[in-house]
Every structure is written in C-alpha cells, then in structure tokens.
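Quick notes on the structure that follows.
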Amino acid sequence: MSILDLTGETEYNCALFRVNSGKNVFLHYIEALYKKKISDSLTQMNFRLIFRQNLYKVLKINIYPHAEFNDILTMLNNIKFTGGNTKQEHIMYAVLELVNNSLRAHREQSVRKPIHIVFSCNEEDLHIEIRDSGGGFNPAKLPYDLNAPVDMIDTNNESFQTYRERFNYKRFGIGLYIAKKT
C-alpha cells in the first residue's frame, strides 16, 4: 500500500505520482508527455504551482496515516508557488501544521483513510484544501474565537498557555490560526 499518492493536472495533461511504503521509500512517477517546463517567460503576476520542475493547475495528494512525517515533508518541499505576493515558507508551514493535526486525529481515532490535500491555482488565486476523516473538533475548546479577525487573536494570552498545559504542550491550538493568518 502506498503512503502518499499524488495526481496533478498540468497545463495540458495529467500526471500520476506514487510513493510506495517499504524499507526504502521512493517516488515513482508517470508524467504526461506535454508538460510545460518552467521558463523565463513566466511573469510574477500569475500564480504558478510547481512540482519537480513542471507547472500544474491542480496537484492532489493523499497522505495515509502511517506515512512517515519526514517523507511527507520531503514531498511537500518539492512543491513551489510563484506569482502574486506568495510567501512560500508561511504557506508550507500552515499546510504542515494542518497536516500534522490531521495525522494526529487519524492516528488517535485509528482512521485508515487518507488525508486529502488539493493545491490549485489560476491567474489570480492559490487555493489549498485539506480534508481528513479525523472526526473534527469542537471550536469552543480552542483558546480563541475561530471567527475572530486574526489581528484580534493574542497567542500569548493566558487561555493559550492554559490550552498548551492541558495537552502537555503537544497541542498548541495554532494550526487554524496560522492558516487564517497566511
């Protein structure tokens, strides 16, 4: 069984990637024939999604709960964004926080279904969707109002500290906050 499955839509066609589990985890990929290669003609005005030096409109990833975090990190580090006012490190940090939360929920609930991540872009927007089957959470238990504007949330207040202590500093309550801020 694979631990990470990826499919991507290039500017012209589709590609299928698969990482297999085992002692040596490696990436297999079957690429479409007509991918656009990254070129100097790209402008900084248009969003672009890049994986392994190829442009994509959509990149879909399935991460299984038993995947090693290092393998997930390696995979995600191969994804790049250009255009607009993107902050690569901030975006990927937010994605990693949310994926880590999803992995924890799947493992705690013994869920074997994959976590789905979809990266997509058009000329003006970068869209990232993360879906899991971890059972959700009660937003009232977060140390902040999930609907509050980001600039009104103080991550250093007493409720954040209490939340962290209650979970022995294994949960920080900031995954969704970081995603909102990014």
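Each residue of the sequence shown is one higher than the one before, starting from 1352 at the first, in my numbering.
Ideal Cβ placement from N, Cα and C applies to all residues, glycine included.
Computed from a predicted structure; not experimentally measured.
Distance CB(S1453)-CB(D1483) smaller than 8 Å: yes
Would you mind stating whether I1481 and L1449 have Cβ atoms separated by less than 8 Å? yes
I1430 (DSSP reduced to helix, strand or coil): strand
Over what stretch of residues does the beta strand (DSSP E) that includes V1469 continue unbroken? 1466 to 1472
Within 10 Å of its beta-carbon, does N1405 have 16 or more other beta-carbons around it, so buried, or fewer, so exposed? buried
Alpha carbon to alpha carbon, how far is S1471 from K1598? Give it in angstroms, no decimals. Outside the displayed range of the chain (1352 to 1533) lies residue 1598, so it cannot be described from this structure.
Measure the alpha-carbon distance for H1417 versus L1497 and round it to whole angstroms. 29 Å
Go to Y1407, then tell me how far its beta strand (DSSP E) extends in each direction, as first and last residue. 1405 to 1414
Nearest candidate by alpha-carbon position, reference Y1415, set I1504, H1457, E1516: H1457
Nearest to K1431 by CA position, among E1474, Q1439, E1475, is which residue? Q1439
Contact under 8 Å by Cβ, N1413 with H1478: no
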